[in-house]
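First the structure, in the form of structure tokens, and then the observations on it.
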Amino acid sequence: MGKVLEQHAKALLARSGIAIPRGDAAASPEEARQIAERIGGPVVVKALVLAGKRGKAGAVRLAESPDESARAAAGLLGPNVGGYPVEAVLVEQRFALSREVYLSLTSDANAARTRLLIGTSGGIEIEEIVHDNPDALQSHAIAPSAGLPEFQARQLWRRAGISGRLLPRLGALTARLYRAFRDFDAYLLEINPLAETVNGEMIALGAVLAIDDAALFRQPTLDGLVQVASEKVWRPLTAREEQVNALNAAEPYRGSARYLELDGGDIGFLCGGGGASLVLFDSLVRAGGQPANYAEFGGNPTETKVAGLARVVLSKPGVRGLFVAHNITNNTQVDVVARGVVRALEEAGISADRFPVVAREIGLHDAEGQAIFEAAGIRSFGIESTLSDAARGMVAAIQAREERVSS
Numbered sequence: 000m001g002k003v004l005e006q007h008a009k010a011l012l013a014r015s016g017i018a019i020p021r022g023d024a025a026a027s028p029e030e031a032r033q034i035a036e037r038i039g040g041p042v043v044v045k046a047l048v049l050a051g052k053r054g055k056a057g058a059v060r061l062a063e064s065p066d067e068s069a070r071a072a073a074g075l076l077g078p079n080v081g082g083y084p085v086e087a088v089l090v091e092q093r094f095a096l097s098r099e100v101y102l103s104l105t106s107d108a109n110a111a112r113t114r115l116l117i118g119t120s121g122g123i124e125i126e127e128i129v130h131d132n133p134d135a136l137q138s139h140a141i142a143p144s145a146g147l148p149e150f151q152a153r154q155l156w157r158r159a160g161i162s163g164r165l166l167p168r169l170g171a172l173t174a175r176l177y178r179a180f181r182d183f184d185a186y187l188l189e190i191n192p193l194a195e196t197v198n199g200e201m202i203a204l205g206a207v208l209a210i211d212d213a214a215l216f217r218q219p220t221l222d223g224l225v226q227v228a229s230e231k232v233w234r235p236l237t238a239r240e241e242q243v244n245a246l247n248a249a250e251p252y253r254g255s256a257r258y259l260e261l262d263g264g265d266i267g268f269l270c271g272g273g274g275a276s277l278v279l280f281d282s283l284v285r286a287g288g289q290p291a292n293y294a295e296f297g298g299n300p301t302e303t304k305v306a307g308l309a310r311v312v313l314s315k316p317g318v319r320g321l322f323v324a325h326n327i328t329n330n331t332q333v334d335v336v337a338r339g340v341v342r343a344l345e346e347a348g349i350s351a352d353r354f355p356v357v358a359r360e361i362g363l364h365d366a367e368g369q370a371i372f373e374a375a376g377i378r379s380f381g382i383e384s385t386l387s388d389a390a391r392g393m394v395a396a397i398q399a400r401e402e403r404v405s406s
């Protein structure tokens with residue numbers, strides 16, 4: 000899943016006919032002052048990060064003048080919010096509001112539907128409102144074949160309790176937002192709040208947009224706007240994680256490579272086999288090893304992809320050994336894996352004589368793979384050895400090297 004910073008999300012919404020506040024991103028207090036001067040009135044200054052709950056974290060501030068905008072920006076720029084360093088702020092026009100509502104669209108993969116959530120209250124207190132009253136948000140499943148016509152959107156808001164002049168506006172906006180959600184291959188689109196100003200305008204004051212990163216190939220207009228990260232744990236990607244994403248993008252047609260960088264650790268972990276890679280990781284830890292990363296590959300990747308992933312694993316400072324293993328591969332060629340690993344070691348100027356490398360690769364062309372590993376001085380475990388045997392062998396190789404160095 001890839002997220003889009005708020006200023007880009009709102010620009011995309013504006014292209015879809017959704018009204019947004021006037022404003023711009025600023026990387027310095029002086030830029031914030033200049034933007035506020037152009038707006039010419041009270042503004043909101045927000046930290047531009049991919050984390051949620053910015054209001055509760057004090058990362059959204061109100062300013063009455065350009066000087067106050069500069070001071071607000073100075074206070075927000077630099078520190079972390081939700082694990083993200085604040086490198087820019089969004090300075091936006093502030094409105095007097097008569098009403099706030101909530102709207103979000105999410106992809107429900109299990110039901111093969113889009114899930115629409117609407118509520119007659121919105122703003123930073125929405126979570127507390129829902130906690131006190133679970134019925135404050137109404138959920139509706141939308142079938143892709145049916146879509147969300149405007150008349151149906153009006154009916155949904157009417158059932159939620161909206162009436163009067165606001166009803167047709169919300170119906171039209173909701174239908175438009177659904178089309179934008181589909182057009183951008185979005186995974187999540189949250190507008191909180193969707194607000195009516197005292198002048199009767201409907202404005203998307205807060206916007207969260209997440210894109211299905213598997214669909215980015217057909218979204219050229221989003222190039223450079225989407226930051227890809229884990230679906231479950233949002234934090235900025237490390238440089239090595241970005242390198243592996245680029246590696247996959249360069250050869251999307253064959254095999255897969257995944258890399259998650261961990262704090263500390265001294266053993267490069269380069270394994271595969273789905274659940275077997277988790278078993279291998281646990282075996283390494285039980286044997287006393289400290290993995291520096293979690294890297295998984297499969298689907299018969301090319302030698303170039305294996306070598307690229309191995310180079311990334313080896314490039315982390317403090318890595319003192321490399322563990323390469325599968326349980327029993329189905330279509331991944333062991334000889335290709337072996338050539339990729341050996342190539343990465345050679346390109347990094349690493350000799351297996353001084354740098355422990357342990358492999359346990361069983362499957363297609365494994366005899367050829369074993370020969371390639373052994374010719375390069377890599378200890379290779381065969382099918383007669385368990386995953387735990389290989390993990391213990393890796394830790395023993397690290398310990399033996401330390402003893403040689405200290406003696």
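The opening residue of the sequence shown carries number 0 in numbering that gives the first Met the number 0; numbering runs sequentially from there.
We put the beta carbon where it would ideally sit given N, CA and C, even for glycine.
From S106 to L89, what does the alpha carbon distance come to, in whole angstroms? 27 angstroms
Output the distance between the C-alpha atoms of A33 and P65, rounded to the nearest integer angstrom. A small fix is needed here, since residue 33 is Gln in this sequence, not Ala. Answer to the nearest angstrom: the Cα atoms are 7 angstroms apart.
Among residues of its own chain, excluding the 5 on either side of A56, which ones have a beta-carbon nearer than 6 angstroms to its beta-carbon? V80
Closest Cα partner of G146 within the set P167, R178, N132, V129: R178
Do you know how far the Cα of G121 is from the Cα of E240? 36 angstroms
Name the one or two DSSP bridge partners that A194 has. E99, I202
Taking only the alpha-carbon atoms, compute the straight-line gap between G264 and E99 and give it to the nearest angstrom. 48 angstroms
Residues in the same chain with beta-carbon distance under 8 angstroms from R285, minus the five sequence neighbours each way, listed in chain order, please. S387, A390
Using 9 angstroms as the limit for Cβ to Cβ distance, is G223 near chain D? Of the chains in the structure shown, none is chain D; there is only one protein chain.
Which same chain residues end up closer than 6 angstroms to L76 when comparing Cβ atoms and leaving out the 5 residues on each side of it in sequence? V85
Report the option in A347, F216, A35 whose CA atom is closest to the CA atom of Y252. F216
Below 9 angstroms between beta carbons: does that hold for S379 and A347? no
Could you tell me the distance, in whole angstroms, from the CA atom of G339 to the CA atom of A275? 21 angstroms
Beta-carbon separation (whole angstroms), I371 vs A337, contact threshold 8 angstroms: 4 angstroms
Secondary structure, alpha helix (DSSP H): runs of 4+ residues fully inside the region 242–323: 274–285, 302–314
In chain order, what residues of the same chain have a beta carbon less than 6 angstroms from the beta carbon of E373, not counting five sequence neighbours either side? S379
What residues match up with I141 in a beta bridge as DSSP calls it? T113
Would G22 be called buried (16 or more neighbouring beta carbons within 10 Å of its own) or exposed? buried
Where P65 falls: helix, strand or coil (DSSP): helix
Assign D222 to one of three DSSP states: helix, strand, or coil. coil
Would you call the region 36–55 and the region 105–119 touching, i.e. three or more CB-CB distances under 8 angstroms? no
What distance in whole Å lies between the Cβ atoms of L12 and A206, which are believed to be in contact at a cut-off of 8 angstroms? 6 angstroms
I'd like to know whether the C-beta atoms of E189 and L102 end up nearer to each other than 9 angstroms. yes
Assuming the contact rule is C-beta atoms closer than 8 angstroms, K2 and A209 should be a hit. Round their C-beta distance to whole Å, please. 5 angstroms
Going residue by residue through the region 129–181, where are the continuous beta strand (DSSP E) segments of at least 3 residues, counting only ones entirely within it? 136–141
Any heavy atom of the ligand MG inside 8 angstroms of the beta-carbon of R342? For the structure depicted, the ligand MG is absent and the ligand set is empty, with no information on it obtainable.
For E250, which residues in the same chain have their Cβ closer than 7 angstroms to its Cβ, ignoring the five residues on either side in sequence? T301, T303, K304
Just the C-alpha distance for A25 and S68, rounded to the nearest angstrom, thanks. 10 angstroms
Note the first and the last residue of the continuous beta strand (DSSP E) segment covering A108. Per DSSP, A108 belongs to no beta strand (DSSP E) and is neither H nor E.
Over the uninterrupted alpha helix (DSSP H) stretch that includes R37, give me the two end residues. 28–38
With DSSP collapsed to three states, give me the class of S405. helix
Does E360 come out as helix, strand or coil in the three-state DSSP assignment? coil
Proximity winner among E126, H130, V43, G118, relative to F94 (alpha-carbon distances): V43
Give the secondary structure of I377 by DSSP, where H, G and I count as helix, E and B as strand, and everything else as coil. coil
Continuous beta strand (DSSP E) stretch holding E91: start and end: 88–92
Would the region 113–133 and the region 192–199 be scored as touching if the rule is three or more Cβ pairs under 8 angstroms? yes
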